[in-house]
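One line per chain: the protein sequences are A and B, in this order.
Position one of the first sequence corresponds to residue 10 (my numbering), numbered consecutively onward.
Position one of the second sequence corresponds to residue 473 (my numbering), numbered consecutively onward.
Backbone N, C-alpha and C define an ideal beta-carbon position, used for all residues, glycine too.
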Amino acid sequence: GQQVMQIPQYQHVQEGEDFTTYCNSSTTLSNIQWYKQRPGGHPVFLIQLVKSGEVKKQKRLTFQFGEAKKNSSLHITATQTTDVGTYFCAGPSSGTYKYIFGTGTRLKVLA
Amino acid sequence: DAGVIQSPRHEVTEMGQEVTLRCKPISGHNSLFWYRQTMMRGLELLIYFNNNVPIDDSGMPEDRFSAKMPNASFSTLKIQPSEPRDSAVYFCASSLRGADTEAFFGQGTRLTVV
């Protein structure tokens with residue numbers, strides 16, 4: 010079945026360092042979404058990418074959708090302690106209404 | 473809008489008891505999803521509804537789990553009988569138009585079965 014994998018599973022960084030998580034789908038996606046879940050919280054939508062090769066920025070966060078629309082990345086510049094949490098990518102399952110969520114990357118930022 | 477509302481926030485129950493989790497989606501949203509999250513298995517989709525109709529329940533673990541959506545503003549997830557391995561955080565999420573639009577998650581119900 011359709012799968013969405015993320016790497017790395019865990020990442021510890023020193024505050025101020027950059028961070029990148031990668032998302033890979035086994036099938037082409039019509040769009041990719043990114044969510045952040047703070048410890049003890051619920052997933053919160055960050056952004057949606059639709060076009061091949063699309064790049065979007067939100068302050069220190071840069072999101073990219075691959076040319077083949079099968080992979081995506083989230084890059085955080087100069088991490089802060091507020092960036093702590095798990096980052097999930099998600100895409101629609103082919104021909105259905107449902108999301109396929111990635112395995113998530115848990116980020117810890119050491120002050 | 474208050475967002476997706478789930479109740480209860482926490483539930484502790486004894487093995488064998490029936491548990492009912494409740495969800496009120498955002499008004500106007502056509503799609504509703506139930507997820508289970510554990511450390512071992514991550515975020516698992518249990519079932520989703522479109523226009524109140526169950527579309528895919530292939531993620532429901534077994535017959536002990538059932539879900540209903542009697543109207544556009546209410547859904548329940550029931551576990552009967554509950555078992556310790558059902559302990560997890562259960563999230564309800566809704567979206568305007570399936571996976572083409574962003575999902576709004578509720579705060580979750582943390583279920584502990586002892």
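For Q489/B, there are no C-beta contacts with chain A under 8 Å, since the nearest C-beta of that chain is about 25 Å from it. Within its own chain, the residues whose Cβ lies closer than 6 Å to the Cβ of Q12/A, once the five positions on either side in sequence are excluded, are S35, listed in chain order. Contacts with chain B at 8 Å (Cβ-Cβ) do not include F72/A. Contact check between the region 96-107 of chain A and the region 38-49 of chain A: three or more CB pairs, one atom from each, fall below 8 Å, which counts as touching. When Cβ-Cβ separations below 8 Å define contact, F563/B makes contact with chain A.
Contact fails between the region 500-510 of chain B and the region 111-118 of chain A, because fewer than three Cβ pairs, one in each stretch, are under 8 Å apart. Cβ atoms of R513/B and T581/B stay farther apart than 8 Å, at about 17 Å. For the region 51-85 of chain A, residues whose beta-carbon sits nearer than 8 Å to a beta-carbon of chain B comprise H51, P52, V53, F54 and Q57. Taking a cut-off of 8 Å for Cβ pairs, the region 549-563 of chain B and the region 477-495 of chain B touch, as three or more such pairs fall below it. Within the same chain, and ignoring the five residues on either side of A575/B in sequence, the residues whose Cβ sits closer than 6 Å to its Cβ are A565 and S567. In this structure, the alpha-carbon of P533/B lies about 10 Å from that of L517/B. For N524/B, the closest alpha carbon among the candidates R569/B, T485/B, P556/B and R536/B is that of R569/B.
Selection H21/A, G10/A, M14/A and E76/A evaluated against A120/A yields H21/A as nearest (Cα-Cα). At a cut-off of 8 Å, the C-beta of E555/B has no neighbouring C-beta in chain A. Taking C-beta atoms as the reference points, L83/A and T29/A count as a pair closer than 8 Å.
Within the DSSP secondary-structure output, G100/A pairs in a beta bridge with I109/A. In the same chain as S559/B, and ignoring 5 residues on each side of it, the C-beta atoms closer than 7 Å to its own belong to L583, T584 and V585, in chain order.
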